[in-house]
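The next block holds one structure in the form of structure tokens; read it before the comments.
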Amino acid sequence: MTQAITRSVLVPYSTQEMYDLVCDVARYREFLPGCISSELIASGETEVIGRMAFTRMGVTQHLTSRNQLTPPTRIYITHIDGPFDHLVASWQFDALQEKACKVTFSMEFAVGQRFVQFAVGAAVQQGANDTVEAFRKRAEQMYGKR
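Heads up, the sequence shown stops at 295 in my numbering, and the numbers go up one at a time, no gaps.
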């Protein structure tokens, strides 16, 4: 069963500033909750491949994804390897003013075993909330409180 999540936040930072934070996969371990490692495997002008490891409730999972880049408004993410049977996600950055934007994180995912779908779904939903909030806080840390 496929589940979908969308989270949005309004921030006093430009689309370029927020886009740059989300593109910086190698630094995720510095601020994303539960992220214990993050690295770029390949990097190009329109695409990056990243690998991350997350620990939640004592369990470590690795995730490798392909991120298609449309600066500074969109990042489209597809699952290469990891705990999901299906995973696609996106970050959308919509300008509200010169130094303000709406950040939207959307994810569609599926896990194979039916009896764990509910637990995984709840954990992923909380993770999505935590992720959006972590990027908001990181922007404040990197660009100053506005």
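Ideal Cβ placement from N, Cα and C applies to all residues, glycine included.
On the premise that residue j lies in contact with residue i, defined as a C-beta separation below 8 Å, what is that separation, rounded to the nearest angstrom?
i	j	result
S187	M201	5 Å
L189	R287	No, L189 and R287 are not in contact; Cβ-Cβ is about 17 Å, not under 8 Å.
I176	I185	One point to set straight first is that residue 176 is Arg, not Ile, in the sequence displayed. Contact flag wrong, Cβ pair sits at about 13 Å.
Out of the options, which has the shortest C-alpha to C-alpha gap to residue i?
i	options	result
T213	F180, Q241, V252, I198	I198
V158	V273, A272, A259, L245	L245
Q217	M206, E196, D234, H228	E196
Q275	K251, V252, M206	M206
Given that a residue counts as buried once 16 or more other Cβ atoms are within 10 Å of its Cβ, and exposed if not, what is residue i?
i	result
V208	exposed
G193	exposed
Q290	exposed
Where residue i and residue j are concerned, what is the direct C-alpha to C-alpha distance, given to the nearest angstrom?
i	j	result
R223	K294	24 Å
P182	G231	18 Å
H228	T164	24 Å
F254	T155	6 Å
Does DSSP put residue i in a helix, a strand or coil?
i	result
V320	For residue 320 there is no data in the structure shown, the boundaries of the chain being 150 and 295.
T213	strand
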